[in-house]
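A.B. asks: Numbering (this note's numbering), first residue to last: 20 to 321. A virtual CB, placed ideally from N, CA and C, is assigned to each residue, including glycine. From a predicted model like this one, the values you see are computed outputs, not experimental measurements. Structure below; questions to follow.
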């Protein structure tokens with residue numbers, strides 16, 4: 020928007036660029052970049068002598084200059100009473116600097132938006148492969164009830180429900196098998212399998228084996244996975260069966276807060292399972308009973 024002195028121009032070329040409309044600044048800047056021009060086709064205007072303005076070879080350049088003058092004259096800035104305020108040289112940040120910052124932020128926002136959309140599509144493609152989303156991007160029958168689960172690991176628990184891995188009439192065992200899916204602490208606690216009834220120990224092993232293929236598919240597709248710790252099953256089963264709080268702490272060797280968090284989060288997951296009674300009425304009823312079983316002193320939630 021300001022005149023350029025001739026001494027600041029390094030070289031003139033006789034190549035006429037095909038420029039986009041002036042409304043698109045990004046395309047305009049790209050077209051003006053010499054990197055986008057075939058350098059072999061450029062030739063210098065070093066044969067013209069000063070003052071030969073009527074030389075026929077200058078005709079295209081003069082027409083091009085007239086075109087740009089017409090385009091610039093139509094810009095909103097021309098005739099604006101604040102033109103000098105925006106474009107004059109000052110130590111303060113000019114409007115051009117602010118516009119460049121705005122364009123940079125806009126590009127950054129678009130980049131983030133594209134990353135989010137790419138991640139969304141990646142998740143949808145995986146859900147299609149697992150049968151939760153149909154080919155026309157709608158929820159399947161399983162996808163509808165699974166979408167109602169606000170869980171730490173909804174796909175694994177949904178797969179467990181589909182494969183009938185959870186007990187339908189044993190609240191203590193159900194809470195024990197849900198507990199591993201809520202633990203996000205890297206606690207390496209060794210416990211003996213003999214502390215559990217055979218049905219619960221076998222149910223845990225069956226659950227781990229049945230969910231292993233889904234866990235592997237998640238890894239292959241780049242999704243995070245967590246281990247399924249056995250000690251949580253033992254801890255919640257013993258607690259659901261009436262084990263005193265202090266004995267549980269001594270047995271596990273963990274802090275009050277860690278055990279309380281495990282109980283509360285297991286109860287939250289059981290509540291979510293209880294909410295899908297339309298799809299799994301028996302499991303839903305047992306989950307409600309399990310919540311009442313594990314939320315007792317000193318872990319009570321209003």
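1. Answer with buried or exposed for residue 192, where buried requires no fewer than 16 other C-beta atoms within 10 angstroms of its C-beta.
2. Identify whether residue 182 lies in helix, strand or coil by the three-state DSSP scheme.
3. What number of angstroms, rounded off, separates the C-alpha of residue 229 from the C-alpha of residue 182?
4. Along the chain, where does the alpha helix (DSSP H) containing residue 233 start, and where does it finish?
5. Flag this pair as yes or no: are the beta carbons of residue 319 and residue 286 separated by less than 8 angstroms?
6. Roughly how many angstroms separate the alpha carbons of residue 316 and residue 260, rounded to a whole number?
7. Going by the beta-carbon positions, is the gap between residue 196 and residue 252 smaller than 8 angstroms?
8. Mark residue 295 as exposed unless 16 or more other C-beta atoms lie within 10 angstroms of its C-beta, in which case mark it buried.
9. By the 10 Å Cβ neighbour count, where 16 or more other Cβ atoms means buried, how is residue 256 classified, buried or exposed?
10. Just to confirm my understanding: we take residue 186, look at its own chain, exclude 5 residues before and 5 after, and list those with CB closer than 6 angstroms. What are they?
11. Report the rounded CA-to-CA distance for residue 162 versus residue 305, giving the unit in angstroms.
12. Go through its chain and collect everything with a Cβ distance to residue 267's Cβ below 7 angstroms, but skip five positions before and after it.
13. According to DSSP, is residue 193 part of a helix, a strand, or is it coil?
14. Look up residue 168 in the DSSP assignment and say whether it is helix, strand or coil.
15. Going by C-alpha distance, which of 114, 180, 81, 283 is nearest residue 300?
16. Using 8 angstroms as the cut-off, can you tell me whether the stretch 210-217 makes contact with the stretch 166-174, which would need three or more C-beta pairs spanning the two stretches below that distance?
17. Rounded to a whole number of angstroms, what is the C-alpha to C-alpha distance between residue 148 and residue 240?
18. Work out the CA separation of residue 269 and residue 302 for me, nearest whole Å.
19. Can you say whether residue 309 is buried or exposed, counting buried as having 16 or more other CB atoms within 10 angstroms of its CB?
20. Pull the bridge partners of residue 131 from the DSSP assignment, please.
21. Taking its Cβ as the centre, do 16 or more other Cβ atoms sit within 10 Å of residue 63, making it buried, or is it exposed?
22. Would you mind giving the Cβ-Cβ distance between residue 151 and residue 288, rounded to the nearest angstrom? I have them listed as a contact below 8 angstroms.
C.D. replies: In short, the structure shows the following:
1. buried
2. coil
3. 8 angstroms
4. 217-239
5. no
6. 13 angstroms
7. yes
8. buried
9. buried
10. 192, 193
11. 22 angstroms
12. 254, 257, 258, 278
13. helix
14. coil
15. 180
16. no
17. 11 angstroms
18. 32 angstroms
19. buried
20. In the DSSP output, where bridge partners are listed per residue, residue 131 has none listed.
21. Since pLDDT at residue 63 reaches only 49, below the 50 mark, its modelled position is unreliable, and no value is offered.
22. No, residue 151 and residue 288 are not in contact; Cβ-Cβ is about 18 angstroms, not under 8 angstroms.
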